[in-house]
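Just below is one structure, and these are the notes that go with it.
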Amino acid sequence: AAQAKAALPTPEAKNAAWSSLVDSDRLPNTLVRAAGLGFTHPAGVLLLDEFVDQYFAMLLPVWESRTYKIAEYLVLGLYPAPLANAKLRDATRAWLSANGEAPAALRRLVAENLAGVERALAVQERDAL
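In the working numbering, the protein residues as written are 383 to 511.
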């Protein structure tokens with residue numbers, strides 16, 4: 383149910399999912415993972431753009447305040463990868479550049495997210511030919 387609710391393509395559903403995941407630490411691991419998967423469901427891709435800045439703002443606080451597994455679920459699950467655009471790529475690169483002192487494990491997860499977007503952009507470019 384958590385995944386389905388977070389996947390609903392409405393601003394209200396996305397905001398509620400974000401709040402329950404980022405602003406609260408009460409959800410168990412399985413619900414965090416499920417809601418994270420639903421949050422970035424491609425059906426709501428147009429709504430994810432407004433969360434790009436919020437995503438990068440939450441990285442360090444979440445990493446420092448949650449268990450490793452919960453933080454990992456949030457870092458990977460809330461990354462708006464379905465956007466796969468230059469803005470997301472550039473924002474990800476900027477965060478990595480500005481946060482060289484961030485924990486190595488967090489930087490690795492963000493770098494993995496970036497790699498996925500870069501691959502998607504390369505495919506989009508090739509498809510456009």
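Backbone N, C-alpha and C define an ideal beta-carbon position, used for all residues, glycine too.
Of the choices the options, whose alpha-carbon is the least far from that of residue i?
i: Pro-424; options: Val-499, Pro-462, Leu-441 and Ala-510; result: Pro-462
i: Ala-388; options: Asp-405, Pro-410 and Ala-416; result: Ala-416
i: Leu-419; options: Asp-472, Ala-383 and Ala-497; result: Ala-383
i: Tyr-455; options: Ala-504, Arg-508, Leu-488 and Thr-392; result: Leu-488
i: Ala-484; options: Phe-438, Leu-465 and Trp-400; result: Phe-438
i: Leu-352; options: Arg-490, Leu-491 and Leu-430; result: Beyond the ends of the chain as shown, which are 383 and 511, falls residue 352; an answer cannot be given.
What's the C-alpha gap between residue i and residue j?
i: Leu-460; j: Glu-494; result: 13 Å
i: Val-499; j: Glu-446; result: 25 Å
i: Lys-407; j: Gln-506; result: The residue you asked about is not Lys; residue 407 is Asp in the sequence shown. Distance between the alpha carbons of Asp-407 and Gln-506: 37 Å.
i: Leu-441; j: Gly-426; result: 22 Å
i: Arg-448; j: Lys-396; result: 21 Å
So, helix, strand or coil for residue i, using DSSP?
i: Glu-413; result: The amino acid at residue 413 is misidentified as Glu; the sequence shows Leu. Helix, per DSSP.
i: Glu-483; result: coil
i: Ser-406; result: coil
i: Ala-383; result: coil
Under the rule that 16 or more other beta-carbon atoms within 10 Å means buried, what is residue i, buried or exposed?
i: Thr-412; result: exposed
i: Ala-497; result: exposed
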